[in-house]
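Undergrad:
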């Protein structure tokens, strides 16, 4: 009888251990999320001065007071809630400038959404002003359907929408509402 009891206890312990073993799963992502609110960023960076270099030459310089990192979300993004200033340098080290009151970068789609007093000034003094502008990093393409003012060497063009490559070689104001020719 003693042996039978030991056998039953061993059987119960074995069943319990096997049950516990199979009930465990790889929940590393769930453990990472413990204590994090879904609406809170996973990280905050302040006073950003990020320089991007290519072959030892600075090609871009991003300045921002704050970046919120939401890479913990199903659709990850970085938010620049206090605005950005971005300097882009060409091969001759001439500078173009992008300024916006707010920016958000979506990791999965490589799309950048610039909002609020968006101003782009190119190396050849062309200027684009709008309230919202998107930049597709994969296609290197700028676009918006919002009202714009585009200043070129000879004209100030107002319209509702804008399409252009990142170098402004194929810049087009859509639904033109007015053109002012600048005379020197």
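In this note's numbering, the protein residues as written are 28 to 211.
We treat Cβ as the ideally placed atom computed from N, Cα and C, and that holds for glycine.
In three-state terms, what does DSSP make of residue 68?
TA: Against the chain shown, residue 68 aligns to sequence position 41. Coil, per DSSP.
Undergrad: Do you know offhand how far residue 195's Cα is from residue 156's?
TA: Residue mapping note: residue 195 aligns to position 168 of the chain shown, counting from 1. Residue mapping note: residue 156 aligns to position 129 of the chain shown, counting from 1. Straight-line Cα distance between these residues: approximately 14 angstroms.
Undergrad: What is the DSSP secondary structure of residue 190, reduced to helix, strand or coil?
TA: Looking up residue 190 in the chain shown gives position 163. Correct three-state label for residue 190: strand.
Undergrad: According to DSSP, residue 122 sits in a beta bridge with which residue or residues?
TA: Within the chain shown, numbered from 1, the residue matching residue 122 stands at position 95. In the DSSP output, where bridge partners are listed per residue, residue 122 has 116.
Undergrad: Give me, in chain order, the residues of the same chain whose beta-carbon lies closer than 7 angstroms to that of residue 152; leave out the 5 immediate sequence neighbours on both sides.
TA: The residue labelled residue 152 in the question sits at position 125 within the chain shown. Counting only Cβ-Cβ distances below 7 angstroms, and skipping sequence neighbours, we find nothing.
Undergrad: Which residues does DSSP list as the beta-bridge partners of residue 140?
TA: Here residue 140 refers to the residue found at position 113 when the chain shown is read from its first residue. For residue 140, which the question treats as bridged, DSSP gives the partners 131, 161.
Undergrad: Would DSSP call residue 79 helix, strand or coil?
TA: For this step, residue 79 is matched to residue 52 along the chain shown. Strand, per DSSP.
Undergrad: In the DSSP output, which residue or residues are listed as bridge partners for residue 91?
TA: Taking the first residue of the chain shown as 1, we reach residue 91 at position 64. According to DSSP, which records beta bridges pairwise, residue 91 is partnered with 75.
Undergrad: Taking only three categories from DSSP, how would you classify residue 205?
TA: Taking the chain shown and counting its residues from 1, one reaches residue 205 at position 178. It is a strand residue.
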